[in-house]
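2 protein chains.
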Amino acid sequence: MAEEKKLTARSEDFAEWYNEVVLRSELADYSPVKGSMVIRPWGYGIWENMQRALDAMLKETGHENAYFPLLIPMSFIEREKDHVKGFAPELAVVTQAGGKELEEPYAIRPTSETIIYAMYAKWVQSYRDLPILMNQWANVMRWEMRTRLFLRTAEFLWQEGHTAHASAEEAEAEALMILGVYRKFMEEWIALPPMTGRKSDTEKFAGAVSTHTLEALMQDNKALQAGTSHFLGQNFAKQFDLKFQTEDGREEYAWNTSWGVSTRLVGALVMCHGDDAGIVVPPKLAPIQVVVVPILGGAEEAAVRAKAETVAKRLRASGVRVKVDGRENVTAGAKYYEWERKGVPFRVEIGPKDIAKEQLALVRRVTPEGEKRKAFVPEAQALDQLPSKLDAFQVELLHAARERRDANTVRGVKSIDELAEALDGGAGFVLTGWSGDPSVEAEVKERTKATLRAIVDEEFRSPTAPAKCVSGKAASIAEVAWARAY
Amino acid sequence: MAEEKKLTARSEDFAEWYNEVVLRSELADYSPVKGSMVIRPWGYGIWENMQRALDAMLKETGHENAYFPLLIPMSFIEREKDHVKGFAPELAVVTQAGGKELEEPYAIRPTSETIIYAMYAKWVQSYRDLPILMNQWANVMRWEMRTRLFLRTAEFLWQEGHTAHASAEEAEAEALMILGVYRKFMEEWIALPPMTGRKSDTEKFAGAVSTHTLEALMQDNKALQAGTSHFLGQNFAKQFDLKFQTEDGREEYAWNTSWGVSTRLVGALVMCHGDDAGIVVPPKLAPIQVVVVPILGGAEEAAVRAKAETVAKRLRASGVRVKVDGRENVTAGAKYYEWERKGVPFRVEIGPKDIAKEQLALVRRVTPEGEKRKAFVPEAQALDQLPSKLDAFQVELLHAARERRDANTVRGVKSIDELAEALDGGAGFVLTGWSGDPSVEAEVKERTKATLRAIVDEEFRSPTAPAKCVSGKAASIAEVAWARAY
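From first to last, the protein sequence lines stand for chains A and B. 1773 is the number that this note's numbering gives the last residue of the first sequence; the numbers go up by one with no jumps. 1773 is the number that this note's numbering gives the last residue of the second sequence; the numbers go up by one with no jumps.
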């Protein structure tokens, strides 16, 4: 069968490997709509688990969900001048509805600041009505010329949080708090350890005062912007007349933040953990954590099937998400390939011999170096240990990703020549000093194709701050991370 | 404050009451986008609880979630001839994107049969690939001329299930099974007891062979279509080339079903249970089941606040969703009105006297006739009993709704004159015989504004089947329910 064809190796062509693995692990498929994809149940199941985890974290930090219109009057998007410049080229526009030309066209939301702050203006009168801490789970659309499954599609799913506050300090604290929530979510659930920092003015969100970013390193050493949290100042409040009466009776514009992560994170998961056999799903996000494959066909088939169900039931009772793959007409070998490609963390194989020996064959999707992939474990012990083995698997993925990130981060680079050399030599993040001059970003991009991913947060800075800008022309005002990026 | 103004009474103007109560209980608000509304956190919280419950039921019955594109090529919608006739007048159309005119315009999905079956055609080769049992939670758009919050809006949220089967029998069984899931969900969660049956050809879904419907009766005795489940035969499969190889090697078109419920159910909840004080949310769906109001301002304020928190903590430990409303600057009375308007099932009032007497004042949002709304209950007993009181509240709402539905259902009506009289006399559902002739539907609608809501399922039929059609012109082939409807 064509399906048993091996995937392209990552070392051979990473981009091709990525497309193949997304399609063949049935995460997503191309659709007849240009630039839009279909998220298939396996991919959507991972996204649902991400949603559930992050949604709980956002609720714990006081946010409520709501839903705002898909369509945004064009005049709204045009009000904030940087915002329209950033988004106008990517808009999909509804010009006809109900069989008629519309008097004013609507854009399909590329992001919802404008419509949401227009509503907040209606709801807020006094400081007592603040803060407003809302989030929405929604689809958005940005018409992209070159699309990639999950990473860049015309339509994507995301959550977008939008808050309004009575002071700049409170809003800035909110934007930073969310950065922390995102980081915790990415590390603890996706096993994706981002580098965090602020964007330069060139790279920040269209309409923001400042943008905090989470930058993750993929296996090809390209960076992926995994999430952003923006402090919007009063930019939108002023355009949408979002005012409130202060405690001492003055009238003031509110201070906003917005922040989002999207289905792009599924792509990040693939490119962070996958291998040449397929994707690897961190156990906490895996729709199926353990697949039980009964070895069929022998005289003892009924007993083998029964044992598989018993094992599954026992594991479910311990809170493990289990599937028994009892399909006929599919060989055990084909099942192994399929579930490995789909990244299920553990496989349990059960044949007549295992029943006789009261053992289970446990196969780990990936193993730390030096350990065996397959182990025969006494049944009772295997059942007891699987939940903690899943926990360990999750932690190991995070450690491996963090080690890889750090091993591929190059520090102490002092010139654009050295920067180019490091990147051509396969570096991921390259840290240098920067003067704050945008022309340096332009020059670096021109010469190396790398962009300034972040003015890195304290934790990620080098022990000794760089004295000079990478351009050599001026003193450094900040340490920054450069990378070629998705 | 204007907010304390009483709601219009239901008996005075039900439509006005409905709009006011939706706005003032903060379920939703009008938006600057014509025909689209904003779902505010209180309304969205109820919808989320509906989603969670129904999603679990759909997963238990073997369905998986996926996500398909928002945009549908116009040519897809045009392929199924009844489908395009039904939906073309309501489409919103994207004609420009990325700064250019599109070669082929896209419709924003009014429903997704066409794009989904086009994908299924790509995935299905053999009978082994069937059935496909998928569901998606999504926004859809139908450009309506006259909109009503939740009941009829240009954009709404829903779930749409789409399945493909190897035989007509299996697909018909699926459509019926879903009807049962919907009914159970509506009764057990929304306390909304629908009448079920099949739609006439006039009223069925555009493109379906047959439509099963759930019709709920609102307090103004108008019917509301609360959900539908369609058997699509091979209508779409033929247009989208959704074929499979049968077990004996023939090629056949697959058989489809589709089914959906939407945010309209929030409107149904309001119109089924609300009263002149506000909405009433069934406990299983209430984002807050118990609100604790400490009576502030006295010397013992700190003790009262502390007690409120202790009570809340105890209730949360029993799985109750609780909020302590400790706002200053809002009187206890204003809080009572607000939470009553929002339909929170129970209120606990705590003042210094209650602490001294080790009691709590429990106030039920609605009470069965003859019972007291407010009761002073020893604290320990109140805490123990609240979970079961919430259960009882839920059951009572269902019973009350069922009694009202049955009390307002008129049977044995033999002519269109009598039908008109019954409806003018305030009847809800009127059951009669029907010959199957669509011209009778037209005549009834013309004379009474009522439509044929359903060819009722066995359970809802009268003990003696009507012999004649309500038109008097022919024999009856089925008993049907008529009603004026939303």
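Here a beta-carbon is modelled for each residue, glycine too, at the ideal position from N, C-alpha and C.
- Message: Using a Cβ-Cβ distance cut-off of 8 Å, determine whether B/W1430 contacts chain A.
- Response: yes
- Message: Within the continuous alpha helix (DSSP H) that includes B/G1620, where are the two ends?
- Response: 1619 to 1628
- Query: Hey, how far is the Cα of B/F1301 from the Cα of B/G1554?
  - Reply: 13 Å
- Item | Where A/V1568 falls: helix, strand or coil (DSSP) | coil
- Pairwise C-alpha distance: A/T1550 and B/T1498: 35 Å
- Task: Look at the alpha carbon of A/R1297 and the alpha carbon of A/K1509, and state the distance between them as a whole number of angstroms.
- Result: 13 Å
- Rounded to whole angstroms, what's the CA-CA distance from A/R1634 to B/K1372? Just pull it up for me. 51 Å
- Which residues, in order along the region 1295 to 1329 of chain B, keep a beta-carbon less than 8 Å from a beta-carbon of chain A? D1316, S1318, P1319, V1320, S1323, M1324, V1325, I1326, R1327, P1328
- Item | Span of the alpha helix (DSSP H) around A/Y1393 | Careful: A/Y1393 lies outside any alpha helix (DSSP H), inside the beta strand (DSSP E) at 1387 to 1395.
- Task: Answer yes or no: does any C-beta atom of chain B fall closer than 8 Å to that of A/P1418?
- Result: no
- Query: How long is the line joining the alpha carbons of A/E1625 and B/T1719, rounded to whole angstroms?
  - Reply: 57 Å
- How about the region 1348 to 1363 of chain A and the region 1393 to 1402 of chain A: do they share at least three Cβ pairs that are nearer than 8 Å? yes
- Task: Measure how close the beta-carbons of B/A1462 and B/T1544 come, nearest whole angstrom, since I'm counting them as under 8 Å.
- Result: 4 Å
- Task: Under 6 Å Cβ to Cβ from B/E1627, same chain only, skipping five residues before and after it: list those, please.
- Result: A1564, G1565
- Going along the chain, which residues of its own chain have a beta-carbon closer than 8 Å to the beta-carbon of B/L1583, five neighbours each way excluded? V1591, R1592, G1613, E1615, A1619
- Straight-line gap, A/L1519 to A/A1343 (C-alpha atoms, nearest Å): 25 Å
- Kindly say whether B/L1357, judged by its beta-carbon, lies nearer than 8 Å to any beta-carbon of chain A. yes
- Go to A/R1592, then tell me how far its alpha helix (DSSP H) extends in each direction, as first and last residue. 1588 to 1604
- Comparing alpha-carbon positions, which option in B/I1764, B/I1575, B/R1734 lies nearest B/R1608? B/I1575
- Message: Can you check whether the C-beta of A/Q1576 is within less than 8 Å of a C-beta belonging to chain B?
- Response: no
- How do the region 1684 to 1698 of chain A and the region 1473 to 1481 of chain A stand: do at least 3 beta-carbon pairs fall below 8 Å, yes or no? yes
- Query: Which whole runs of the beta strand (DSSP E) in the region 1634 to 1704 of chain B are 3 residues long or more, in chain order?
  - Reply: 1646 to 1651, 1661 to 1665
- Assuming A/Y1354 contacts A/F1531 under a Cβ cut-off of 8 Å, what Cβ separation, rounded to an integer in Å, is found between them? Actually they do not touch by this definition, with Cβ atoms about 24 Å apart.
- Task: Taking a Cβ distance cut-off of 7 Å, strictly less, list which residues of the region 1532 to 1548 of chain B are near chain A, in chain order.
- Result: none
- Kindly confirm or deny that the region 1659 to 1672 of chain B and the region 1634 to 1646 of chain B touch, where touching means at least three C-beta pairs closer than 8 Å. yes
- Message: Between the alpha carbons of A/S1605 and A/L1677, how many angstroms are there, rounded?
- Response: 12 Å
- Message: I want to know whether the region 1428 to 1435 of chain A touches the region 1368 to 1386 of chain A - three or more CB-CB distances under 8 Å.
- Response: yes
- Message: Which same chain residues end up closer than 8 Å to B/E1390 when comparing Cβ atoms and leaving out the 5 residues on each side of it in sequence?
- Response: none
- Hey, would you say B/R1327 sits closer than 8 Å to B/L1314, going by beta carbons? yes
- Query: Nearest-angstrom Cα distance between B/D1316 and A/W1410?
  - Reply: 10 Å
- Message: On the DSSP letters alone, give me the boundaries of the alpha helix (DSSP H) that A/V1548 sits inside.
- Response: Looking at the DSSP string, A/V1548 is not in any alpha helix (DSSP H); the run it does join, the beta strand (DSSP E), is 1542 to 1549.
- Could you spell out the range, first to last residue, of the beta strand (DSSP E) harbouring A/G1759? Run containing A/G1759: none; DSSP gives neither H nor E here.
- Message: If you measure between the beta carbons of B/R1632 and B/R1652, is that distance less than 8 Å?
- Response: Strictly speaking, residue 1632 of chain B in this sequence is Pro, with Arg absent from that position. In this structure, B/R1652 lies closer than 8 Å to B/P1632 by Cβ.
- Of the listed residues B/A1460, B/A1752, B/E1299, nearest to B/D1507 (C-alpha basis): B/E1299
- Short CB-CB distance (under 8 Å) between B/V1580 and chain A: no
- Message: Let me check understanding here. Comparing Cα to Cα, which of B/L1444, B/M1432, B/T1398 lies closest to A/G1385?
- Response: B/M1432
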